[in-house]
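Chemist: Take a look at this one; I'll ask things after.
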Amino acid sequence: MVVKNSILNVISMVVPGLFFIPAMAFLSRSLGVESFSLLLLVYAILGYSSIFDAGMSRAVIRKIAQTNNQHDEYNIMGTSIGAVLMLCSIPVLLFVIFSEDIVNWLSVSEANKVESEHAVQQVAWIIPFYLVSSVAFAYLEGKEQFLKLSLYKIITGVAIAATPALMVYFYGGLINAIQGLIFARIFVAIVALFALSKEITLVRLRFNVRVFLDLITFGGWISVSNVISPVMVYMDRFILSNTTGAASVAFYSAPAELIEKIAVIPGALARAIFPMFSRLGAHVDYAKKIYIGLSATLLVVLIPLFALSVNILDLWLGEPYGANSSGILKILILGFFFNALAQVPFAAIQAKGLSKITALVHLAEVLPYLILLFYLVNQFGLIGAAYAWSARVIIDFIILYYISIKI
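According to this note's numbering, the sequence shown is numbered sequentially starting from 432.
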């Protein structure tokens, strides 16, 4: 069952990736280095916006996996959707109010400042649609209905990958790329709510204070991880923009984005095992089989990517990227291997309701990582950020693995 669900999850991410890779190639050539860098930072901001759901998506998956009562399901979904809509009002206002300060901090050139401020303001309005769709899809994930979920994810993933490129093709410019992303995210939210409506009656959804407190108790610690994890995943790009200028970030962000796309493999596995671990518990012998299977799969993908990094980057994004980014990609590949394996103990710990432990691990990691990141970026520039990230994820895997075998 886990293998089947993992394969379905991979398919739901790989198919959109077939559109994402040529779309990024087109955008990198059409927008220019600085505007493309800013677009990649927008994707990073959206990745960070998951912090504003207060762990609701993960909590919903776990609670739905554990209940067979439809009345409880109405309360869980009504409460979680209502909660994320309230919570996301804060970041929307912050992005709108402080857009100029954000652009100044990113060291954007004068020629692109006005366009960049408008882009940041528009990004703010994507967040509510992003969070609602995440919670709605969490229902299907909790029910382990991965075939349905995969079909919906393919449709929405293609829209997210292709729409910004289509907008730039017809109208040009960074702003139109962002507007394409907004249209795509609205479409995703509509599809997610449609998917949910096929399972339960939406008009019967209710906000329940008791359920909210239950979700937030588990999700609260998840949200701590959600706050810290994106800092450790995306902060390197923002620090590089601040210290080296926005124009150079693409040479780091491009290989980092490629690594994130390969993360569909461990991500698919993690999505499959978390509801199963929540329902049945995590068994050591079974976890070992997962480690072996995941390692073998990753090596098949990563070894050719490591060996042909220059050729792949030049073919994908153009000649400057092979020369400037291949070394960065190789270092990120090493770290990614361990980061992928860390998904197994991470899911096992949280499935036992011990989200506090993973949150405390991330809390302990963040300050040393940021110190190391600042130091290595100042000493070595772009490649220093890659060394810092890889060192952090390797240590993270060691800690999580040790905890998972002790609890």
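We put the CB at the ideal spot given by N, CA and C, even for glycine. Every value quoted in this text rests on a predicted model; they were computed, and no experiment measured them.
Since I believe residue 658 is in contact with residue 506 (beta carbons under 8 Å), could you give me their beta-carbon distance rounded to a whole number of angstroms?
Modeler: In fact, because the Cβ distance is near 26 Å, the residues do not count as touching under 8 Å.
Chemist: DSSP state of residue 388, grouped into three classes?
Modeler: Since the first residue shown for the chain is 432 and the last is 838, residue 388 is missing from the structure and cannot be characterised.
Chemist: Can you check which of these residues, 612, 758, 765, is closest to residue 732 by C-alpha distance?
Modeler: Selected option, being the one with the closest Cα: 765.
Chemist: What does the alpha-carbon distance come out to for the pair residue 529 and residue 558?
Modeler: Rounded to the nearest angstrom, the two C-alpha atoms are 16 Å apart.
Chemist: Would you mind reading off the limits of the alpha helix (DSSP H) that contains residue 574?
Modeler: Here residue 574 belongs to no alpha helix (DSSP H), and DSSP marks it neither H nor E.
Chemist: Please go through the same chain and pick out, in chain order, the residues whose beta-carbon is closer than 7 Å to the beta-carbon of residue 536, but skip the five residues on each side of it.
Modeler: So the qualifying residues of the chain are 673.
Chemist: When you compare only the Cα positions, how much space is there between residue 738 and residue 803?
Modeler: Taking the straight line joining both Cα atoms gives about 28 Å.
Chemist: So what's residue 637 in DSSP terms, helix, strand or just coil?
Modeler: In the structure shown, residue 637 sits in coil (DSSP, three-state: anything other than H, G, I, E or B).
Chemist: Taking 7 Å as the limit between beta carbons, can you name the residues of its chain near residue 708, skipping five residues before and five after?
Modeler: 778, 779, 782.
Chemist: Looking only at its chain, what residues have a beta carbon closer than 8 Å to the beta carbon of residue 471, apart from the 5 residues adjacent to it on each side?
Modeler: 668, 680, 681, 684, 685, 688.
Chemist: What did DSSP end up calling residue 630 once you bin it into helix, strand or coil?
Modeler: Coil.
Chemist: Give me the residue from 818, 794, 463, 624 with the minimum Cα distance to residue 567.
Modeler: That would be 624, whose Cα lies nearest to the Cα of residue 567.
Chemist: Is it buried or exposed, residue 541, if we count other Cβ atoms within 10 angstroms and call 16 or more buried?
Modeler: Looking at its Cβ environment, which holds fewer than 16 other Cβ atoms inside 10 Å, residue 541 is exposed.
Chemist: Alpha helix (DSSP H) containing residue 498: first to last residue?
Modeler: First-last for residue 498: undefined, no H or E at that position.
Chemist: For the ligand PLP, is there a heavy atom less than 6 Å away from the beta-carbon of residue 732?
Modeler: The ligand PLP is not part of the structure shown, which contains no ligands of any sort.
Chemist: Just how far apart, CA to CA, sit residue 629 and residue 636?
Modeler: Their backbone Cα atoms lie some 13 Å apart in a straight line.
Chemist: Look up residue 671 in the DSSP assignment and say whether it is helix, strand or coil.
Modeler: Residue 671: helix per DSSP, three-state reduction.
Chemist: List in chain order: all unbroken alpha helix (DSSP H) runs of 4+ residues lying wholly within the stretch 559 to 613.
Modeler: Fully enclosed alpha helix (DSSP H) runs of 4 or longer: 577 to 602.
Chemist: How long is the line joining the alpha carbons of residue 751 and residue 521, rounded to whole angstroms?
Modeler: Distance between the alpha carbons of residue 751 and residue 521: 39 Å.
Chemist: Tell me which residues share the same chain as residue 569 and place their Cβ nearer than 6 Å to its Cβ, disregarding the 5 neighbours each side in the sequence.
Modeler: The residues are 488, 491, 492.
Chemist: Determine contact between the stretch 815 to 834 and the stretch 794 to 803, defined as no fewer than three beta-carbon pairs at a distance below 8 Å.
Modeler: A contact exists between the stretch 815 to 834 and the stretch 794 to 803.
Chemist: Buried or exposed, going by whether 16 or more other CB atoms sit within 10 Å of the CB of residue 517?
Modeler: Counting Cβ neighbours within 10 Å, residue 517 comes out exposed, since fewer than 16 surround it.
Chemist: Out of 748, 754, 663, which has the shortest C-alpha to C-alpha gap to residue 741?
Modeler: Of the listed residues, the one whose Cα sits closest to residue 741 is 754.
Chemist: Return the first residue and the last residue of the alpha helix (DSSP H) that residue 769 is part of.
Modeler: Taken as a continuous stretch (DSSP letters only), the alpha helix (DSSP H) holding residue 769 covers 750 to 772.
Chemist: Locate the alpha helix (DSSP H) running through residue 790, then write down its first and last residues.
Modeler: Where residue 790 is concerned, the enclosing alpha helix (DSSP H) stretches over 786 to 811.
Chemist: Below 8 Å on the Cβ atoms is my guess for residue 467 versus residue 477; work out the distance and round it to an integer in Å.
Modeler: Wrong, their Cβ atoms sit about 16 Å apart, outside the cutoff.
Chemist: Would you call residue 650 buried or exposed, if buried means 16 or more other Cβ atoms sit within 10 Å of its Cβ?
Modeler: Looking at its Cβ environment, which holds 16 or more other Cβ atoms inside 10 Å, residue 650 is buried.
Chemist: Using a Cβ-Cβ cutoff of less than 7 Å, which residues in the same chain neighbour residue 550 once the five nearest sequence positions on both sides are dropped?
Modeler: Here the set comprises 469, 473, 605, 606, 609.
Chemist: In angstroms with no decimal places, state the Cα-to-Cα distance between residue 767 and residue 696.
Modeler: Going by the C-alpha atoms only, they are around 11 Å apart.
Chemist: Between 694, 524, 574, 834, which has its C-alpha nearest residue 556's C-alpha?
Modeler: When each option's Cα is compared against that of residue 556, the closest is 524.
Chemist: Have a look at 728, 805, 770, 814 and flag the residue whose alpha-carbon is nearest the alpha-carbon of residue 846.
Modeler: Look at the range of the chain in this structure, 432 to 838, and you will see that residue 846 is not part of it.
Chemist: With 16 as the cutoff for other CB atoms within 10 Å, does residue 500 come out buried or exposed?
Modeler: Classification of residue 500: exposed, given that the 10 Å Cβ count is below 16.
Chemist: Between residue 544 and residue 465, what straight-line distance do the alpha-carbon atoms span, to the nearest angstrom?
Modeler: About 11 Å.
Chemist: If I measure Cβ to Cβ from residue 460 and keep anything under 7 Å in the same chain, skipping five residues before and after, which residues do I get?
Modeler: Correct list, in chain order: 749.
Chemist: Within its chain, find whatever has a CB closer than 8 Å to the CB of residue 722; leave out the 5 residues flanking it on each side and keep chain order.
Modeler: Taken in chain order, the residues that qualify are 772, 775.
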